[in-house]
Amino acid sequence: MSDTHVIEQVIASPDQDAVDGQTTYCVGCGSCAYLDPAFRIAKSVDGCYSVSVNGQVRDWSAVERVCPFAASTNEDELGKELFSSQTGVQHNQYLGYFLNTYVGYVQADGWRSRGSSGGLVSWTAAKMLEDGLVDAVIHAKDGPDPEHMYTIQISHTVDELQTGAKSKYYPVEMTEALDYVREHEGRYLFVGIPCFVKAVRLLRREDPILNERIKYCIGLVCGHLKSDYFAKAEAWESGVPLDKIARVDFRHKTPGSPASDYAVEVRRTDGGQPVIKRTAELSVTNWGLGYFKYNACDYCDDVLAETADVTFGDAWIPKYVSDGEGCNVIIVRNQDVLNLFERHMDELVLHDSNADEVYQSQAGGFRHRRQGLAYRLHVHEKRGEWTPTKRVKPSLEGISEQRQIIYAMRTTLKNESFVAFREAVDAGNFDVFIKHMRPYEREYRHTSIPFQKRVLHKCKKIIKQCLQIIKHR
């Protein structure tokens, strides 16, 4: 392998902390495969999309310029190029460039009930279609089969668009959709997670056709991208056998519950009744544990899709999270989006927000992707291992020993989850996964809970046991 091609290191250099599997720094977006047919994209043994090189590469430099993990152009530079010339623009180290921030929801036509939170992603895309800003939307929709539950497709009407509502915690790639854009004239809106939006922005710099046709990008706040093991594990633990899983709705709302207390709905291939299970009852749904996470996600420092014209996420803010219907946190970076909101304000409920409140809605994610990333980069640098160049620099400054252990344990949890799931599949028993992960999860919780809280919990447990003994004497 040549040391001169960064893209080779992205797609073929394993993270040395990984256990078996095919762990690389590739997020499987497909930007390289769109630009050059020598790059082939497919799902790995771990249920993650990744790329391999099969043939003569036409232009290594061009391919590297469109890869979100190989490109030398970072989110700050892209954001400045895209948004900095607008009147009233602000810049923040976490939000990037922005014009305004809100928390809110759509109050018209059932958009909120059909969405994961406030309904604003699909509503905004629909209004862009209706107002003639775009002719079609590129977004994730129901896929053709259980091994491709969701794929990136094109919607030309509001009815088509509505079939893609709600968050999909599922691996996708965008080569076929971008090929369609290349072959069909029109103005397009792209909807995706931060690294995919960045890849689209980089592709527009290289490809005049995409530059002309993709007019806007909607970004989705991202904790991390999941392998398809996640969907399979949720369904399997909910009681649906692996060979009977048709599709998983990851954000089934539960009436009367807080926004954070949602469920999954699993549809079956045998026509049986869908299974609904609260995520709190499942072992794989704690986002902080990072089960089945793409390795690349631990080397990304963009939580809020800083290169998107507008970003939407869940408003995980105390004064809004109790509303079970859900609210969106909103970061607007393009005046066209502000104008669209103003034209249709009668359909919206928007509360002014600020950068601090937006940060707090994703505080845990920022700690992991900024401070935690500095730690991970330091570990690799000390071992002499290559990593993608990020805005965050390798460092242990300000990171306590406890936090270092927590970040190290998260890497272990991520990697072991893939091993455990493969073991469970081989055994035909999901309990094998739970048993494998239990000691790692126990150690992580022991590390992450402060000593005083552990002592208090232990004392309460002892008192409870003593009271039980007294009661039965």
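The opening residue of the sequence shown carries number 696 in this note's numbering; numbering runs sequentially from there.
A virtual CB, placed ideally from N, CA and C, is assigned to each residue, including glycine.
| Query | Result |
| --- | --- |
| Residues that Cys-912 bridges to, as DSSP identifies them | Phe-885 |
| Segment limits, beta strand (DSSP E) that includes Gly-1008 | 1005–1009 |
| Secondary structure of Val-876, DSSP reduced to three states | helix |
| Gly-934 - containing alpha helix (DSSP H), residue span | Counting along the chain, Gly-934 falls outside any alpha helix (DSSP H), and DSSP gives it neither H nor E. |
| Under 9 Å between C-beta atoms of Leu-856 and His-879 | no |
| Alpha-carbon to alpha-carbon, Arg-900 and Leu-915 | 22 Å |
| Range covered by the alpha helix (DSSP H) that runs through Asp-1051 | 1050–1056 |
| Paired residues, beta bridge with Glu-960 - DSSP | Asp-944, Ile-971 |
| Every unbroken beta strand (DSSP E) inside the segment 984–1037 [3 residues or more] | 1005–1009, 1023–1027 |
| Residues near Pro-950 by beta carbon distance below 8 Å, same chain, minus five either side | Gly-1019 |
| Pair within 9 Å by beta-carbon distance, Tyr-989 and Phe-1116 | no |
| Distance, His-786 Cα to Pro-903 Cα | 29 Å |
| Chain-order list of residues whose beta-carbon lies under 7 Å from that of Val-801 (same chain, five-residue window excluded) | Arg-807, Gly-813, Gly-814, Leu-815, Trp-818, Glu-1042, Leu-1043 |
| Element boundaries [alpha helix (DSSP H), containing Ser-726] | 726–730 |
| Classification of Arg-1137 by the beta-carbon crowding that lies within 10 angstroms, buried from 16 upward | exposed |
| Where Val-867 falls, given that 16 or more other Cβ within 10 Å makes a residue buried | buried |
| Boundaries (first-last residue) of the alpha helix (DSSP H) holding Thr-1106 | 1096–1122 |
| Asp-826 to Asn-1034 span [Cα, whole Å] | 11 Å |
| Trp-982 versus Ser-747: straight-line alpha-carbon distance, rounded | 29 Å |
| Short Cβ contact (9 Å threshold) for Arg-942 with Arg-962 | yes |
| Nonlocal neighbours in the same chain, by C-beta distance under 6 Å from Ser-697, ignoring five residues either side | Note on Ser-697: pLDDT 47, under 50, position unreliable in the model; no value is reported. |
| Close Cβ partners of Asp-997 (< 6 Å) along its chain, the five nearest in sequence each way excluded | Glu-770, Pro-889 |
| Among Ala-1058, Asn-1029, Thr-719, Thr-980, nearest to Phe-793 - alpha-carbon criterion | Asn-1029 |
| Euclidean distance between Cα positions of Val-1114 and Phe-885 | 34 Å |
| Sequence-distant residues of its chain with Cβ nearer than 6 Å to Ser-1001 (five each side left out) | In the sequence under discussion, the amino acid at residue 1001 is Glu, which differs from the Ser named in the question. So the qualifying residues of the chain are Glu-770, Gly-774, Gly-791. |
| Of the listed residues Glu-871, Ser-850, Leu-897, Ser-779, nearest to Arg-882 (C-alpha basis) | Ser-850 |
| Thr-964 versus Gly-1123: straight-line alpha-carbon distance, rounded | 19 Å |
| Any 3 or more C-beta pairs closer than 8 Å across the segment 831–846 and the segment 1069–1077 | no |
| Where the alpha helix (DSSP H) through Asp-771 begins and ends | 770–778 |
| Reference Leu-1065; option with closest CA among Arg-1086, Ser-1056, Ser-1048, Leu-1045 | Per the sequence presented here, residue 1065 reads as Arg, with Leu not at that position. Ranking the options by Cα distance to Arg-1065, first place goes to Arg-1086. |
| Member of Arg-753, Asp-741, Phe-764, Asp-1004 whose CA lies at the smallest distance from the CA of Trp-1081 | Phe-764 |
| Unbroken alpha helix (DSSP H) run spanning Phe-1173, endpoints | Residue numbering for the chain in the displayed model covers 696 to 1168; residue 1173 lies beyond these limits and cannot be assessed. |
| Residues bridged to Ala-811 (per DSSP) | Checking the sequence shown, residue 811 turns out to be Ser, not Ala. Answer by DSSP bridge pairing: none, since Ser-811 is not bridged. |
| Reference Asp-938, options Gly-966, Pro-953, Asp-956, Ser-922, closest by Cα | Gly-966 |
| For Asn-787, the three-state DSSP class (helix, strand or coil) | strand |
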